[in-house]
Each structure stands twice: as structure tokens, then as C-alpha cells.
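S.K.: In UniProt numbering, the protein residues as written are 1 to 303.
Dropping the structure in here first, questions after.
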Amino acid sequence: MAILIDRNSKILIQGITGREASMITRHTLDYGTPVLAGVTPGKKGMNVHGVPVYDTVKEAVEQHGVNTSLIVVPPPFALDAVEEAIASGIKVIVVTTENVPQLDVLKMLHLARKNGVHLIGPNTVGMINPGDRMKLGSIGGDNPERCFVPGRVGVISRSGGMTAETSWMVKRAGFGVSTSIGMGGDALIGSNIVDLLTLFEKDDDTDAVVVFSEPGTSFEEDAAEFLTKGGFSKPLISYIAGRFTENMPEGTVFGHAGTMISGGEGRPSTKMKKLHEAGAHVVERFDDMINVLHSVLTGKAVR
């Protein structure tokens, strides 16, 4: 089992005829993940790597019963794509698009919450469940096995690239992942750390969760409060990058749009302190998580 995506997922790709979406479709099919349909208005009757294309999500739902959507469209059309997917009953949506206007993001987040939809992104590489060979998004590229192997450790990452690197660290430690998720690098995203920990808590096949974090936002502070209140009972291993940013001018953006310290909020040192006090295993160096994983999952550290 895993969270959000498994063999019961019936996948649709919105914007499938675009260059990037076509490449993602090819990699997804090669991994063994079935893609049942694609949607690009005005392109009905085409196919992309054998996947039939429809004009509307409603048609794709009627023909294939799709329940999960990957959205790969230009920023001005992302909100419309999310609205159409939600109106058609899609319950899991991954938005890869970067630079979506913030007002549009607020609208899509409101719609998702209102309709009980799990929204990942925007600005995400997606997610992967290696046990079922299911992936949604560019995550893993054309060689997912390099970093993602089946196991019982959940991975959450702000960074797309570090989603793979963190999962590879789990692999190096001799374990594998249940589900690995790139949350998205923006300040406004559909599913934050607490949202995902809530799902991992209920997953019987996840024994621990590793989180890769960055400066900016209050996601980690919120997660610490969630742990303190007993919302997550499994081992949580946290690495927070970018401590050097605390010596830089306030308001500087580092990489992702959400990676910004403003006032006292978003400082890595504060995040680390609060997570540690809440009972999380906070590591100083990225590769320290190998020993910590062994310690929490086997009771023995690596010599």
C-alpha cells in the first residue's frame, strides 16, 4: 500500500500533447504505470504514445473512469485545468506547472479543500509509489529505479531534485520508500507537511517518514505542533537545508519562491529547534539520516 497513488489510480494527463507532457507520458508508460487518457482541447482523436486524447476531462471520465489527474499546462491555464478536473469528480490532482499566478493558486486550493480533493503542487515533480510501479509527474525521469526502490519509508520534499536524492539516501541505508512526494517549492501549495503526515500516519505500510526542508514558510513549525499534539506517532526524520540563509539580507529569495525568510518566520534554526523539541529526529548533515534510519528502524546504528 501507499498514499494517494496505487494500482487503483486511473490516470489522466491534462495537456498531454505538449512537448514536456509527451515526454512525461513516455517515461510513465515505460515505468509500467498505465495512463488511460489525455486531454487537450481541440485535439480529440489524436493519441500520444498510444494514449487516446479527448477534448474535455468529462469525456475522459465517461470513457475510462479516470480518478487521478496530472496537469502539465502553461501557467495561465492551470486554474482552468484544476477547475475542470474537480468539476468532473477527479479526487487526486498533481499540478507540475511553475509560475502559476498566486491568486489562481489561492482559488485552486480553495476549490480542492472545498471538494475534498488531494492537490499536490503547483511547481512539483510529482510522486511515486515504487511498490506498485506507479508514478505521476517527471519524478524519476526515465530511470526511477536509480533512486526509488520499494520499501516502508515515506519521503516528503520541498525540492524536486532532493525528492530523488532523499529517496536515494533511503536506498543507500538499505531501505526503500512507500511513497515519495515532491510537495512543490512555492509558498502556496495544495498539500503541506502536516497534510501528508496525516496520510502517512494512516498507512500501515509506512514505518517512518523522512522530510527534506528548506528555509521559508511555517510548514515545519506546523509539523512540530502536529507532532506535539500526537497527530503523527511514527518516527519522523528531518533535514533542513540552507542554514547559511540566516546570515543573508531579510527577504532574499533562494531558489524556490517559497524559500524566503521574513522576520522570525522561516528560519532553519527555528524549524530545527521546534521539530527537535516535538520529538523528531533532526539531522545536522544530510547523510546523517543513514544512521538515524538504521537506528529507528532496526535499533542499530551503522558502524
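Cβ atoms here follow ideal geometry from the backbone N, Cα and C, with glycine treated the same way.
Predicted model only: the values in this text are computed from it and were never measured.
Would you say the beta carbon of residue 225 comes nearer than 6 Å to a heavy atom of the ligand NAP?
M.R.: No copy of the ligand NAP appears in this structure; indeed no ligand is present at all.
S.K.: According to the neighbour-count rule (16 or more other Cβ atoms, all chains shown, within 10 Å of its Cβ), is residue 267 buried or exposed?
M.R.: Per the 10 Å Cβ criterion, buried.
S.K.: Mark residue 65 as exposed unless 16 or more other C-beta atoms lie within 10 angstroms of its C-beta, in which case mark it buried.
M.R.: Counting Cβ neighbours within 10 Å, residue 65 comes out exposed, since fewer than 16 surround it.
S.K.: Just to confirm my understanding: we take residue 292, look at its own chain, exclude 5 residues before and 5 after, and list those with CB closer than 7 Å. What are they?
M.R.: 237, 281 and 283, listed in sequence order.
S.K.: What are the boundary residues of the alpha helix (DSSP H) that includes residue 161?
M.R.: Looking at the DSSP string, the run of the alpha helix (DSSP H) that includes residue 161 is 160-172.
S.K.: Decide if the segment 206-215 is in contact with the segment 151-160; the criterion is three or more beta carbon pairs, one per stretch, under 8 Å apart.
M.R.: Verdict: yes, contact present.
S.K.: Please report how far the alpha carbon of residue 104 lies from the alpha carbon of residue 39, in whole angstroms.
M.R.: Using only the alpha carbons, I get a separation of about 21 Å.
S.K.: Could you check whether the segment 146-153 touches the segment 169-189, counting it as contact only if at least three pairs of C-beta atoms, one from each stretch, sit closer than 8 Å?
M.R.: Yes, they touch.
S.K.: Hey, would you say residue 27 sits closer than 7 Å to residue 142, going by beta carbons?
M.R.: Taking 7 Å as the Cβ cut-off, residue 27 and residue 142 qualify as a contacting pair.
S.K.: Please return the same chain residues whose Cβ sits closer than 7 Å to the Cβ of residue 35, not counting the five positions on each side in sequence.
M.R.: 11, 13, 25, 28, 29 and 51.
S.K.: Apart from the five residues on each side of it in sequence, which residues of its chain come closer than 6 Å, Cβ to Cβ, to residue 92?
M.R.: Closer than 6 Å at the Cβ level, and outside the excluded window around residue 92, lie 4, 68 and 118.
S.K.: What residues are listed by DSSP as bridge partners for residue 150?
M.R.: Beta-bridge pairing links residue 150 to 177.
S.K.: Pick helix, strand or coil for residue 212, following the three-state DSSP scheme.
M.R.: Here residue 212 sits in strand by DSSP.
S.K.: Starting from residue 273, follow its DSSP beta bridges and name the residues at the other end.
M.R.: The partner list for residue 273 (beta bridge, DSSP) is empty, contrary to what the question assumes.
S.K.: Decide if residue 220 is buried, meaning its Cβ has at least 16 other Cβ atoms within 10 Å, or exposed.
M.R.: By the neighbour-count rule (16 or more Cβ atoms within 10 Å), residue 220 is buried.
S.K.: Tell me which residue opens and which closes the beta strand (DSSP E) that residue 22 is part of.
M.R.: Residue 22 -> not in any beta strand (DSSP E); alpha helix (DSSP H) instead, spanning 19-31.
S.K.: What's the gap between the Cα of residue 46 and the Cα of residue 94?
M.R.: Going from the Cα of residue 46 to the Cα of residue 94 covers about 23 Å.
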